[in-house]
Amino acid sequence: MALEGKANAALCLHRFGVGPRAGSIEAITSDPRGALMAEIDAPDAGRISDPTLLTSAEGARAAFKFRQEQRAQRLAARTAREDGAAKTGDGSAAPDMKAPDAASAAPAIAPPNPGPGLPQRLYLAEARARIHAALEAKIGFAERLVWFWSNHFCVSADKGNVRPICGAYEREAIRAHALGRFGDMLLAVESHPAMLVYLDNARSIGPDSMAGMRQKRGLNENLAREILELHTLGVRTVYTQEDVTGFAKVITGWTLVPPRQDSARAGEFQFNPRMHEPGAQSVIGKSYPEGGAEQGRTVLAALARHPTTAKHVAAKLARHFVADEPPDALVQRLAKRFLDTDGNLKELAKTLVTAPEAWDPTRAKLKRPSEWIVGALRAGGTLAPDIGPVMQAQNLLGEPLWRPSAPKGFADESGPWLDGLSQRVDIANQLARRMPAEADPREMFEEALGPIASSETRQAITRAESRPQALALLFMAPEFQRR
Amino acid sequence: MTMHAPTRRELLLASGTLFAWAYAPRLARAEGRDPRFLVVVLRGALDGLAAVAPVGDPEWQRLRGDKALMPSGASAALPLDSFFALNPAMPNLHRLYKSGAATIVHATATPYRERSHFDGQDVLESGLGSPGAADSGWLNRALASLQPAGRVTGGGKDAFAIGPIAPLVVRGPAPVLSWTPRRLPPASDDTLTRVLDLYRHTDPMLARALEERLGLATIARAGGMDGQQPRAAGAGQVRAYFAESAGMAAKFLARPDGPRIGALAFDGWDTHADEGVMSGRLANLLAALDGAIAAIESEMKETWRDTVVAVITEFGRTAHINGTDGTDHGTATVALLAGGALKGGRVVADWPGLKPANLHEGRDLKPTTDLRGVLKGVLKDHLRVDEAVLASKVFPESGRVKPVAGLLA
Numbered sequence: 001m002a003l004e005g006k007a008n009a010a011l012c013l014h015r016f017g018v019g020p021r022a023g024s025i026e027a028i029t030s031d032p033r034g035a036l037m038a039e040i041d042a043p044d045a046g047r048i049s050d051p052t053l054l055t056s057a058e059g060a061r062a063a064f065k066f067r068q069e070q071r072a073q074r075l076a077a078r079t080a081r082e083d084g085a086a087k088t089g090d091g092s093a094a095p096d097m098k099a100p101d102a103a104s105a106a107p108a109i110a111p112p113n114p115g116p117g118l119p120q121r122l123y124l125a126e127a128r129a130r131i132h133a134a135l136e137a138k139i140g141f142a143e144r145l146v147w148f149w150s151n152h153f154c155v156s157a158d159k160g161n162v163r164p165i166c167g168a169y170e171r172e173a174i175r176a177h178a179l180g181r182f183g184d185m186l187l188a189v190e191s192h193p194a195m196l197v198y199l200d201n202a203r204s205i206g207p208d209s210m211a212g213m214r215q216k217r218g219l220n221e222n223l224a225r226e227i228l229e230l231h232t233l234g235v236r237t238v239y240t241q242e243d244v245t246g247f248a249k250v251i252t253g254w255t256l257v258p259p260r261q262d263s264a265r266a267g268e269f270q271f272n273p274r275m276h277e278p279g280a281q282s283v284i285g286k287s288y289p290e291g292g293a294e295q296g297r298t299v300l301a302a303l304a305r306h307p308t309t310a311k312h313v314a315a316k317l318a319r320h321f322v323a324d325e326p327p328d329a330l331v332q333r334l335a336k337r338f339l340d341t342d343g344n345l346k347e348l349a350k351t352l353v354t355a356p357e358a359w360d361p362t363r364a365k366l367k368r369p370s371e372w373i374v375g376a377l378r379a380g381g382t383l384a385p386d387i388g389p390v391m392q393a394q395n396l397l398g399e400p401l402w403r404p405s406a407p408k409g410f411a412d413e414s415g416p417w418l419d420g421l422s423q424r425v426d427i428a429n430q431l432a433r434r435m436p437a438e439a440d441p442r443e444m445f446e447e448a449l450g451p452i453a454s455s456e457t458r459q460a461i462t463r464a465e466s467r468p469q470a471l472a473l474l475f476m477a478p479e480f481q482r483r
Numbered sequence: 001m002t003m004h005a006p007t008r009r010e011l012l013l014a015s016g017t018l019f020a021w022a023y024a025p026r027l028a029r030a031e032g033r034d035p036r037f038l039v040v041v042l043r044g045a046l047d048g049l050a051a052v053a054p055v056g057d058p059e060w061q062r063l064r065g066d067k068a069l070m071p072s073g074a075s076a077a078l079p080l081d082s083f084f085a086l087n088p089a090m091p092n093l094h095r096l097y098k099s100g101a102a103t104i105v106h107a108t109a110t111p112y113r114e115r116s117h118f119d120g121q122d123v124l125e126s127g128l129g130s131p132g133a134a135d136s137g138w139l140n141r142a143l144a145s146l147q148p149a150g151r152v153t154g155g156g157k158d159a160f161a162i163g164p165i166a167p168l169v170v171r172g173p174a175p176v177l178s179w180t181p182r183r184l185p186p187a188s189d190d191t192l193t194r195v196l197d198l199y200r201h202t203d204p205m206l207a208r209a210l211e212e213r214l215g216l217a218t219i220a221r222a223g224g225m226d227g228q229q230p231r232a233a234g235a236g237q238v239r240a241y242f243a244e245s246a247g248m249a250a251k252f253l254a255r256p257d258g259p260r261i262g263a264l265a266f267d268g269w270d271t272h273a274d275e276g277v278m279s280g281r282l283a284n285l286l287a288a289l290d291g292a293i294a295a296i297e298s299e300m301k302e303t304w305r306d307t308v309v310a311v312i313t314e315f316g317r318t319a320h321i322n323g324t325d326g327t328d329h330g331t332a333t334v335a336l337l338a339g340g341a342l343k344g345g346r347v348v349a350d351w352p353g354l355k356p357a358n359l360h361e362g363r364d365l366k367p368t369t370d371l372r373g374v375l376k377g378v379l380k381d382h383l384r385v386d387e388a389v390l391a392s393k394v395f396p397e398s399g400r401v402k403p404v405a406g407l408l409a
């Protein structure tokens, strides 16, 4: 039995969007479902268009150049120091007076702090763009879907070469297809340099390939396994170790043009036939003939269509939006829709939001740190927050942006996130103190929670000892923590 | 706007000329002074009777029982005069009082008579007679009114606030610079308690999760907290935050080329339960405030003799203790003044008495001095703000409230 009117609209914004802001509950009260669908029907839904952001290839090349420059600087500094030392060790009686040239030749040992390096600057610029998109969105359903798929197909910026390009990866491989076809997203993801580097496929060499026969290095199964286990079929389902190895051989040669290469395509995907394992391979009971990169594309297409993939994806989607243990009927319905539409993700999203189970008033899920923080910023009306504190808060709460600890991505169940609940109080306090000065907690409360808030929550906010405390209580209220 | 503590060089670069941020009220300068004024807002309603106890009032001990500070005994209050004594958590303020560099004002309040924190703070800081759409504070308007009368400028900033958001009192037409301490304070124990309380009433799962992570062993049902405080640590952090903020404000105000007027706000004073007058929450807060005043004195160095610090709060608390060893929202309270520019060493109070008939609405200390008069007195005699301007622009429609005279040396 769903909620009615404004309460249902408020639920919609918290559960499917990135949280209400002034006027947003009112704006969709007449038809929350319709509003959700309208948002994802918009032609540029889920996209970010920002001409200042670099492509992943540009980012990779820039990062490479940056590291070269740093290395050269360090080398020059060391050489100068050594020269200086050599000169003063030359038998001069009073080195501090007798060798002014050497002293001035050596640059300052510690140059002034230049701030974060280029990879970090690119990472932060992308983070800013992402937060901005979430704050600008009407509802944020498209954003939530992007975040979902980005976590499903996660990479980690903790790997040095991934950091400068992980934001571009999200834009190029995820945003471009989040409302398109699963098969297209799968192909874009698995051929993206960020993924190929993150899961080591860029260095994977077929044992019988031209390169394999010359060098001692060989097959790396990491990406192939994660594609089967995490991205498509799901863990412990229909694949065997042989399938993993076979698939790994299929995608040997899927690599990138090294950023250091003097080429217009440096940093882009490249199929390298010299690394590719020759011959047909068997994956999940089917034989795939030799065919260069096409061999891998065909396997991916088959995986995208597999009923087990449909079930896996459906369950994950339902678990993320609705409940840790989603109703089986909902999962079945989503899986069927996935197969019937050949993996049309927009249709899948629509099936989700038209399902009655998805509108259950019980708010069983806990917002993830990223969702909760953005929700607070939206409630406060900020449009361009300081990115530093936002990143710090996410780090502290265990969800550092684009840095999951494993390819599985950040947890979708609520359990693990409860651990950070006491830290959320401190973060709420800090968020509250950064809110715009005109922020009226009582107004903000009505616009963000009003229709779904308990009288106890309303009272707690009214009785707060100061505005900042009232805002902190708003952000900590159970109705604000849950969706 | 926020920036990290600027170096002297940055200050000069930003301002363009040496005196760009210097402000010298012409009349005061003519007298050979360079006054500084720092406003400290205590949010949450400070219990004036627990900070400065009317030990000479015959009703006092009966009123507060074992929570009544007395001049002798275990937690002996520090004597101010024959009638009043200061909470022993504030030895620095006591020292300043004794040397004539501090004045206590008691039984004072703004014209606001409801008891909402937000509205009370609005009235306290806006300088208006009632809550409403306030978008500027009396301090900023006072500053703005002095501008035509001889401000040395180059386009710099006039007032200064600590914290990411400038308190209302210092917002307005005159431009303000803010400074954020490197580390924002952690959520107060009070905030944590309120969150836990809310969860216990509405979301047992979150309550359990929060308690577990705070290391509490049992859930206290029915009857509330049973005296279980979420965190013992925190007093040290509060003390450090108060001292750092106040010290930094003073550093800026003390600079020859720095701003002259500043404001900062401290939270945590809403002591509804387990007030802890002699040891515990309020005592810790007062000790932290005392440390902040000492830090200001120390950082102002020789400019302390030209300084006034005004510590104000939105209203006081109930005369009686409530059922949870605390106090609820009240009316009249104290205001504390400190600084070398004061003619101090006295308590300014028209004492209303503590008999039930003397209490405001039978529950609160009755206000007998309008706080605006005290602030007007400082603004007029310290900064030379014109009295007519005080009555019309700075504290609108306050013609009947006379500036308290004789506060300044």
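So the sequence lines, in the order shown, correspond to chains A and B. Counting in this note's numbering, the first sequence runs from 1 upward without gaps. Counting in this note's numbering, the second sequence runs from 1 upward without gaps. Glycine included, each C-beta is placed from N, C-alpha and C at the ideal position. Please read all numbers here as calculations on a predicted model, not as lab measurements.
Residue 174 of chain A to residue 14 of chain A span [Cα, whole Å]:
23 Å
Below 8 Å, how does it come out for the region 427-435 of chain A and the region 179-199 of chain A: are there three or more Cβ pairs, yes or no?
no
Taking CB distances under 9 Å as the criterion, tell me whether residue 395 of chain A reaches chain B.
no
At least one CB of chain B closer than 9 Å to the CB of residue 143 of chain A: is that the case?
no
I need the DSSP call for residue 402 of chain A, collapsed to helix, strand or coil.
coil
Would you report the Cα separation of residue 224 of chain A and residue 230 of chain A, rounded to the nearest angstrom?
10 Å
Only counting the same chain, and skipping five residues up and downstream in sequence, which positions put a Cβ closer than 6 Å to that of residue 109 of chain A?
Low confidence applies to residue 109 of chain A: its pLDDT is 49, below 50, so where it sits in the model is not reliable enough to give any reading.
Express the C-alpha separation of residue 361 of chain A and residue 321 of chain A in angstroms, rounding to a whole number.
13 Å
According to a CB-to-CB cut-off of less than 7 Å, which residues of the region 115-140 of chain A neighbour chain B?
none
Could one say the Cβ of residue 188 of chain B lies closer than 9 Å to chain A's Cβ atoms, at least one of them?
yes
Can the beta-carbon of residue 34 of chain B be found closer than 9 Å to that of residue 384 of chain B?
no
With burial defined as no fewer than 16 other Cβ atoms inside 10 Å of the residue's Cβ, what is the status of residue 167 of chain B: buried or exposed?
buried
Where do the ends of the alpha helix (DSSP H) carrying residue 94 of chain B lie?
91-98
DSSP on residue 230 of chain A, reduced to helix/strand/coil?
helix
Contacting positions in the region 266-297 of chain B - beta carbon closer than 8 Å to chain A
267, 268, 269, 270
Using 9 Å as the limit for Cβ to Cβ distance, is residue 220 of chain B near chain A?
Summary for residue 220 of chain B: the model assigns pLDDT 32, below 50, so the residue's position carries little reliability; its value from the coordinates is reported in the next sentence. Not an interface residue.
Cross-chain neighbours of residue 478 of chain A in chain B, by beta carbon under 8 Å
198, 199, 202, 203, 206
Report the residue from A:318, A:118, A:284, A:206 whose alpha carbon sits nearest the alpha carbon of residue 69 of chain A.
A:118
Secondary structure of residue 261 of chain B, DSSP reduced to three states
strand
List the residues of chain A that residue 194 of chain B touches, going by C-beta distances under 7 Å, in chain order.
460, 473
When the cut-off is 9 Å and only beta carbons count, does residue 89 of chain B lie next to chain A?
no
Counting only beta-carbon atoms, is residue 422 of chain A nearer than 9 Å to chain B?
yes
Kindly say whether residue 408 of chain B, judged by its beta-carbon, lies nearer than 9 Å to any beta-carbon of chain A.
no
Report the neighbours of residue 418 of chain A on chain B: residues whose CB is nearer than 7 Å to its CB, in chain order.
209
Can you tell me which of the three DSSP states residue 152 of chain A falls into?
helix
Residue 299 of chain B and residue 47 of chain B closer than 9 Å at C-beta:
no
If we define contact as Cβ-Cβ less than 9 Å, is residue 457 of chain A a contact residue for chain B?
yes
Can you grab the Cα-Cα spacing for the pair residue 358 of chain B / residue 352 of chain B, in whole Å?
6 Å
Is it right to say residue 97 of chain A is buried, meaning 16 or more other beta carbons lie within 10 angstroms of its own, or is it exposed?
Per-residue confidence for residue 97 of chain A stands at a pLDDT of 43, beneath the threshold of 50, marking its modelled position as unreliable; no derived number is given.
Chain-ordered neighbours of residue 214 of chain B on chain A, where CB pairs are closer than 7 Å:
422
For residue 104 of chain B, report the span of its beta strand (DSSP E) as first-last.
102-109
CB-CB under 7 Å to residue 274 of chain A, same chain, minus the five flanking residues each way: which ones, in chain order?
209, 210, 211
Report the partner residues of residue 538 of chain A according to the DSSP bridge assignment.
No answer is possible for residue 538 of chain A: the residues shown for chain A start at 1 and end at 483.
Would you verify that the beta carbon of residue 440 of chain A is, or is not, closer than 9 Å to some beta carbon of chain B?
yes
Under 9 Å between C-beta atoms, does residue 165 of chain B make it to chain A?
yes
At least one CB of chain A closer than 9 Å to the CB of residue 61 of chain B: is that the case?
no
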